[in-house]
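Worksheet: the structure to be examined is printed underneath.
Numbering (the numbering used here), first residue to last: 1 to 1018.
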């Protein structure tokens, strides 16, 4: 605008008077008038272009100065040149004024062109748009870089998780290998134990056979003894003891059966617990798989929602831009319609004012004509001469004017038709504008309703957001609690695992030591069992088997160890009592054998003492022999009965041994499945530990996923907050824009009012100027004739009509252009409105889908919360079970310590038993030696008895022969002496043999006494 002012100042230069031009004033006037019209048309078109370029607010800058407005009055020159100097001066003044006006108009046109060029360049090179686009690009690049960083962090986290999982898998594989190695070692130890048991069974069978042979020998030796009554009483005592032991063993068998029943019930309970734990494990696995699938679906939903949010943001931005553009277009349409209405009103007012002005002017002209008729009559005489000269010129001018009038009338008719057509189009445009206004009103109502609905939805979404934030905080607290509990449980589990590993190592070491001790004990027992009695061997073997079973069960099942240790204590006490009783029985038997030997020696001495008296007491001896024969027959019968009883008792003992073997086999058969079940329980416990570790790993993985989901939810909440802020900004911007539009409308109304007032003032000024000009013309037209006045009036009227018609045509052309542009804009706006309606429908559909997805997501979140509560409950149950297992482990550790103490006591007792067994071995060897000596002595006694019996027989035969000899007195005495000599010799030989045998027996008696003394010395 500064350049425009400068142009105006430079153009307002002095104009040279055209003295050298031979043209007339009328021709110069017409040329100038044509140029002025062209310039005015250009200015109007430029003003319209500026208005189209949205510079309606700067209309004050584009208005013509007041000096030009004041100089708008066109003063028609006189059609007839007057030679007076005053008239020439007036004409040249008018010409100079017109030239100045022309220069001002040209300068205005140039300034307007410069302004249009500047505005176009400003529009083309608007830095705000480029800056906005650059900011937008920078924001998009920053968001992209942030997304890339987040994705990179997620990739790093996933890689770290994969590494952790691989390390856990390697650790699990190493533990599996170690456990397989331990299982192989345990299986090998079991195989070795089975082989040792088979060897022990074979040795047991051999020992049974040897013991049976020894029994037979002992029974044979016992049957040969004379003290069968005492042995029978001893056997009865032994039978009673065996019955008591059988009853005790029956009680023990019943106790074992009860223990087996209890073990079976405990096994059933353990199996039920295992089944329940397996069911829980399956449920946990299914819940974990469901959680994984839910997490995958949620991740997919989250990605879809993120994409939908991005699409929504893009579409929302597009719609916002289109709405702003449509609003600006609607505002421009309103402004154009208002301007058209104002221009139409102004035109109608101007037409009415001009008509009134014409009427007033015609009245004033008539009055002036009436007033000047007198003056004209006076002046006609003076002007007739001039009129005669000018009639020639007027004729030519009249001819030209008539031709021009005809052309003007033709143009007028054409313009009238064109005006009618334009009026029809204008009415149509007004109707269309009204329709568009109605549509815009409806669209405004729709937009307001949508805005209200969106506000309601925003409030609902805010409430949902608050509730979701509350739920999120609650979930966060629960997750933190669960994390703390899981960390504590993990620490406890790690401690318990370390303790269990230490206990397992100690137990394996103890097992190895126990197996070595068992091997050593088995070897010792193999060496001991070769020399033990059947009952002692069976008892010790059963005790050792029980000890081995109890030790294996103490390793496998710690709950049963205390009961079995108590049973072992009772069994050991019973065994000690039995062994003491058996030692006492052996000592009694030895004492009885010694007493028998003493009695036999006394009897032999008595026999030798009474040998001298036998000859004098043959009759008594015969009586005693008969009595003894009867006693021997009774003793033989008793011996046969005792042998039968002994055989029966041995058969019963064999039966009881077979029953004991069957019971042992049954017990072993019952214990084997229990051991297998315990192994299965161990494997199940190991599997449960593995599953617990896997559950912990999955729980950690789920926690990481939960953190990731929470981060995503937080990002989504941030996006939602951004959207809400964006919506609030949009609403605020729309409010601000509405206020701005209202302010603009008020400003435009004020401007229109000011323009109207200025136009009224200008019109009043023009009227006053016209009045002044008319007065001046009236004063000046005194010199002109009535004809000139009439012609001037006609010409001025025609010129005014032409000017008004031209101005109307220009205005109508401008209105037509505006109408066409508004029509095109309306069509474009209609299309855009249709697109906006379709997009709004799509947005509503998307919104419904988004609400559905939000509802589904809320349901999924509720499900997730319920699943989390279930998981927490299950974790609490697992924690309780772990606490119970830890308590059981502690109890088992206490039991193990008690078992260790018991084992130490048992080892000390076993040592004592070994010492007692060694002592018993020595006693057994001594008793066997004594029994051998007693058997030798008994054999000697039997031989001596047989010899004595033979001697008695021989003596009895000799006595019978003597009796027969005495009866046969017929024979000669020589024969008698010979017979007597033979008998005496026979008696002497028999007596000598008896004495020799007695001496040998005495020597044999002395030999075992010497051996016994030597053994005692050793």
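Backbone N, C-alpha and C fix where the C-beta goes; we use that ideal spot for every residue, glycine too.
Best match in the options for proximity to residue i [C-alpha to C-alpha]
| i | options | result |
| --- | --- | --- |
| residue 406 | 798, 705 and 661 | 798 |
| residue 274 | 186, 495 and 683 | 683 |
| residue 869 | 721, 478 and 143 | 478 |
| residue 317 | 729, 96 and 915 | 729 |
| residue 176 | 434, 254, 690 and 339 | 690 |
| residue 299 | 420, 906, 331 and 706 | 706 |
| residue 324 | 655, 740 and 947 | 740 |
| residue 679 | 520, 271 and 876 | 271 |
| residue 452 | 488, 466, 651 and 735 | 735 |
| residue 308 | 905, 842 and 940 | 842 |
| residue 811 | 289, 912 and 423 | 423 |
| residue 363 | 192, 793 and 43 | 793 |
Residue i versus residue j - alpha carbon distance
| i | j | result |
| --- | --- | --- |
| residue 967 | residue 957 | 15 Å |
| residue 753 | residue 816 | 25 Å |
| residue 929 | residue 184 | 50 Å |
| residue 577 | residue 668 | 26 Å |
| residue 851 | residue 301 | 13 Å |
| residue 150 | residue 279 | 40 Å |
| residue 245 | residue 654 | 14 Å |
| residue 237 | residue 896 | 43 Å |
| residue 265 | residue 888 | 18 Å |
| residue 481 | residue 473 | 12 Å |
| residue 209 | residue 933 | 24 Å |
| residue 448 | residue 731 | 11 Å |
| residue 846 | residue 748 | 41 Å |
| residue 163 | residue 853 | 36 Å |
| residue 157 | residue 703 | 13 Å |
| residue 786 | residue 370 | 11 Å |
| residue 268 | residue 261 | 10 Å |
| residue 925 | residue 914 | 16 Å |
| residue 921 | residue 248 | 26 Å |
| residue 172 | residue 469 | 41 Å |
Helix, strand or coil at residue i [DSSP, three-state]
| i | result |
| --- | --- |
| residue 968 | coil |
| residue 806 | helix |
| residue 974 | A caution first: residue 974 carries a pLDDT of 48, below 50, which makes its placement in the model unreliable, though a value can still be read off. Reduced to three states, the DSSP call for residue 974 is helix. |
| residue 145 | helix |
| residue 78 | With a pLDDT of 38 at residue 78, under the threshold of 50, the modelled position of that residue is not reliable, and the figure given next carries that caveat. Coil, per DSSP. |
Own chain partners of residue i with C-beta closer than 7 Å, once the 5 adjacent residues on each side are dropped
| i | result |
| --- | --- |
| residue 697 | 168 |
| residue 37 | none |
| residue 217 | none |
| residue 102 | 32, 35, 36 and 39 |
| residue 874 | 284 |
Chain-order list of residues whose beta-carbon lies under 6 Å from that of residue i (same chain, five-residue window excluded)
| i | result |
| --- | --- |
| residue 821 | none |
Beta carbon proximity, residue i to chain D, threshold 8 Å
| i | result |
| --- | --- |
| residue 581 | The structure shown contains no chain D; it is built from a single protein chain. |
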